[in-house]
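Chains as they are written, first to last, in my numbering: chain A, 1 to 223; chain L, 1001 to 1341.
Note that CB positions come from ideal geometry on N, CA and C, so glycine has one too.
Keep in mind it's a predicted model, so treat the numbers as computed, not measured.
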Amino acid sequence: MTVWPAIWLTVKLAFVTTAILLAVSLPLAWWLTTTKSRLRPVIETITTLPLVLPPTVLGFYLLILLSPTAPLGGLWFRITGDTLTFSFTGLVIASLVYSLPFAVQPLQTAFAAVPRGALDAARTLGATPRDAFVTVSLPLARRGFLTAAVLTFAHTVGEFGVVLMVGGNIPGRTRVISIEIFTAVETLDYATAHVLSLGLLAFSFCVLMLVYVFNRRGSVRVA
Amino acid sequence: MPDRLHFRLKLRRGRLFTLDAEESLPLQGVTAITGPSGSGKTSLLRALAGLDRDVAGARSVTFRGVEWDAASGSIPAEARRVGFVFQEPNLFAHLNVAGNIGYGAKRRQVTSIAAIVEALDLGPLLDRGIEGLSGGEARRVALARALASNPAVLFLDEPMTGLDSQRKSEFLPYIARAVSQAQVPALYVSHASDEIVTLADRVLELGGGHVTGWRTAPMRLTARVVAEAGPGVEVRLEGSEADGPGASISVPLRALPGETIGIGLPVESVHFSVHHPGSGSALMVLPVTLRSAAGASGQAVLDVLGQTVTVPGVMRVPNAQSFWMSVLRVLPRPMVGDSPT
Chain A
1 MTVWPAIWLT
11 VKLAFVTTAI
21 LLAVSLPLAW
31 WLTTTKSRLR
41 PVIETITTLP
51 LVLPPTVLGF
61 YLLILLSPTA
71 PLGGLWFRIT
81 GDTLTFSFTG
91 LVIASLVYSL
101 PFAVQPLQTA
111 FAAVPRGALD
121 AARTLGATPR
131 DAFVTVSLPL
141 ARRGFLTAAV
151 LTFAHTVGEF
161 GVVLMVGGNI
171 PGRTRVISIE
181 IFTAVETLDY
191 ATAHVLSLGL
201 LAFSFCVLML
211 VYVFNRRGSV
221 RVA
Chain L
1001 MPDRLHFRLK
1011 LRRGRLFTLD
1021 AEESLPLQGV
1031 TAITGPSGSG
1041 KTSLLRALAG
1051 LDRDVAGARS
1061 VTFRGVEWDA
1071 ASGSIPAEAR
1081 RVGFVFQEPN
1091 LFAHLNVAGN
1101 IGYGAKRRQV
1111 TSIAAIVEAL
1121 DLGPLLDRGI
1131 EGLSGGEARR
1141 VALARALASN
1151 PAVLFLDEPM
1161 TGLDSQRKSE
1171 FLPYIARAVS
1181 QAQVPALYVS
1191 HASDEIVTLA
1201 DRVLELGGGH
1211 VTGWRTAPMR
1221 LTARVVAEAG
1231 PGVEVRLEGS
1241 EADGPGASIS
1251 VPLRALPGET
1261 IGIGLPVESV
1271 HFSVHHPGSG
1281 SALMVLPVTL
1291 RSAAGASGQA
1301 VLDVLGQTVT
1311 VPGVMRVPNA
1321 QSFWMSVLRV
1331 LPRPMVGDSP
1341 T
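Here is the structure:
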């Protein structure tokens, strides 16, 4: 039983999810940091919800939402001829929701830590708000960016419940490492389970270590 | 086009007015803005600079005939060309010293910052990061950064907050020189009398968010540098004779022979007496004639070696036509070109 398809699938999923989430979370985190809108607590709660919801609950609702009988899943099915459930695209959508807080929170913390005075100074020195955002806020929040990327990647690699609910267990299509481990244990293939589990343990340790070493040097902490 | 900054501001937080002030400031030399903590000094500068747009209220600001804030619209902060030096240095931590100074210069098409770097002794620091700077160095970089952005007016909001008195006395001449060299009018928020006597050409007072009025400008004489003397220079008061009284004193200031400098006279360091007090600890003893006595509303105006000095109302002047003025301590400042009026 080769484990490489599962590893490749997991890495691909984590990369795609991280890239999309960073792009989405950047404006979202900035908005949450600066807005005075009354909607802020609502949006903040929604982005944090995946952190506390059981993955099965999240996965269940996503399964309903993405199924070909639901409007979203149906639309996708009519356009592409493929279902969102039990597909890689469905996994990506599920991972985006599931890992959202891990991208938004470090960015939000980093943006909140950008000194207001530096932004005021930039404005008086001739920078438009957008210019100040690009040349002052973004560089000062770069540690938050790295933290968000690393945590999102690691969290996506480690997800299980949501993937199982939405993607099932199709080799090469939706069977990621954590599900491969589950399958291996079910079939009493402890050797494979050991290899993959130890690999994930080492990976997670290294990633967290990286984040902490990195943030020890900077002022931005993990949310 | 009037060379003035006119403002009428009504800003509120909740139902309380934090600032309800109107005044017209001449855009010449240094206008000090003083008043107790919470009197609205910082709010005023920030509102004038176009910051804190989220604070509710009515704003009307006209700078040299251009409407910065009006009912019809506003000019954004980045287009007002206000060189703002904040209470904190507010430097950009991700840029080095040169990057900080160049930030505004780049955006305002300023090609050379060499003169500013030179005047503020920042040459050796240009490649340094921000973390390693001392408090005084960081202030100098912040001042240079504001000057390098080619400002039309300088706003200095207690720029020496947090410095110890030694660092303050080192930094103050830099401010004085920068303000005079840049030939840019400045608003200087401070409640430290030494800073005001050194720098200010006029003094506006705030209290409780309102303008409470103009204070008498600090007493100041002009002098000319005659020679360098140790760490400072030897200066002679304008109008004094070579061997006359108070002919020359040395002051701790960097200046070139021939330069005109201002000699600020702190109120508590000036004494008047009908008779010559004789040799003593006074830095200089000068003959004075009364030009106009203090009336019910006006202040006494004196003639000191041909220079006109207006005495603040809090001081008592002898009831005589001519008398003596002893000066125990002076606060010099450089002045390039003609002294601002």
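Separation of residue j from residue i, as counted between CA atoms
i, j, result
"L/G1050", "L/Q1166", "34 Å"
"L/P1173", "L/G1232", "12 Å"
"L/V1225", "A/V134", "49 Å"
"L/F1171", "L/V1085", "13 Å"
"L/V1277", "L/S1326", "It should be pointed out that residue 1277 of chain L corresponds to Pro in this sequence rather than to Val. So the two alpha carbons sit approximately 8 Å from each other."
"A/A6", "L/G1083", "59 Å"
"L/E1078", "L/I1249", "45 Å"
"L/D1338", "L/G1162", "Because the pLDDT of L/D1338 is 46, which lies under 50, any placement of that residue in the model is unreliable, and the number read from its coordinates should be weighed accordingly. Near 33 Å, if we compare the C-alpha coordinates of L/G1162 and L/D1338."
"L/D1020", "L/V1317", "36 Å"
"L/Q1321", "L/T1289", "6 Å"
"A/L96", "A/Y190", "31 Å"
"A/V162", "L/S1039", "58 Å"
"L/L1125", "L/A1142", "13 Å"
"A/P129", "L/Y1188", "26 Å"
"L/S1149", "L/S1112", "11 Å"
"A/R40", "A/P27", "14 Å"
"A/V166", "A/G90", "7 Å"
Residue of the options minimising C-alpha distance to residue i
i, options, result
"A/T124", "L/A1138, L/I1101, L/E1238", "L/I1101"
"A/I79", "A/P68, A/P129, A/G126", "A/P68"
"L/S1279", "L/L1305, L/G1132, L/G1239, L/W1324", "L/W1324"
"L/D1157", "L/S1169, L/V1304, L/I1175", "L/I1175"
"L/V1304", "L/R1329, L/R1108, L/L1045, L/G1239", "L/G1239"
"L/V1066", "L/R1004, L/G1104, L/E1088", "L/R1004"
"L/P1159", "L/D1054, L/R1139, L/F1092", "L/R1139"
Neighbour flag for residue i against chain A, beta carbons, 7 Å
i, result
"L/E1078", "yes"
"L/R1012", "no"
"L/T1042", "no"
"L/R1107", "yes"
"L/Y1188", "no"
"L/A1049", "yes"
"L/E1088", "yes"
"L/V1082", "yes"
"L/S1112", "no"
"L/S1149", "yes"
C-beta contact flag for residue i and residue j at 7 Å
i, j, result
"A/L58", "A/L65", "no"
"L/P1185", "L/I1261", "no"
"L/R1081", "L/A1152", "yes"
"A/L21", "A/A103", "yes"
"L/E1023", "L/V1211", "yes"
"A/R76", "A/L63", "The sequence shown places Trp at residue 76 of chain A, not Arg. Cβ atoms of A/W76 and A/L63: not closer than 7 Å."
"L/G1123", "L/N1096", "no"
"L/V1309", "L/A1032", "no"
"A/V207", "A/A148", "no"
"A/P139", "L/H1094", "yes"
"A/V150", "A/V213", "no"
"A/S25", "A/L146", "no"
"A/I177", "A/L164", "no"
"L/V1270", "L/P1312", "no"
"L/L1221", "L/L1199", "no"
"L/D1201", "L/G1035", "no"
"L/S1180", "L/M1315", "no"
"A/S99", "A/T156", "yes"
"L/A1178", "L/L1147", "yes"
"A/G126", "L/G1073", "no"
"A/F86", "A/G158", "no"
Minimum Cβ-Cβ distance from residue i to chain L less than 7 Å
i, result
"A/T124", "yes"
"A/G144", "no"
"A/P139", "yes"
"A/A118", "yes"
"A/A127", "yes"
"A/A113", "no"
"A/A121", "yes"
"A/R221", "For A/R221, the pLDDT reaches just 41, beneath the cut-off of 50, and the residue's location in the model is therefore unreliable, although a value from the coordinates is still provided. No, its Cβ sits nowhere closer than 7 Å to a Cβ of chain L."
Minimum Cβ-Cβ distance from residue i to chain C less than 7 Å
i, result
"L/G1104", "No chain C is part of this structure, whose protein chains are labelled A and L."
Got a sec: which bits of the stretch 1090-1101 of chain L sit with their beta carbon under 7 Å from any beta carbon on chain A, in order along the chain? N1090, F1092, A1093, H1094
For the stretch 86-99 of chain A, which residues have a beta carbon sitting closer than 9 Å to at least one beta carbon of chain L? none
Taking a cut of 8 Å between CB atoms, which residues from the stretch 1052-1063 of chain L lie near chain A? Residues passing the 8 Å Cβ filter: D1054.
Give me the subset of the stretch 1129-1148 of chain L whose CB atoms are less than 9 Å from a CB atom of chain A, sorted by chain position. A1142, R1145, A1146, A1148
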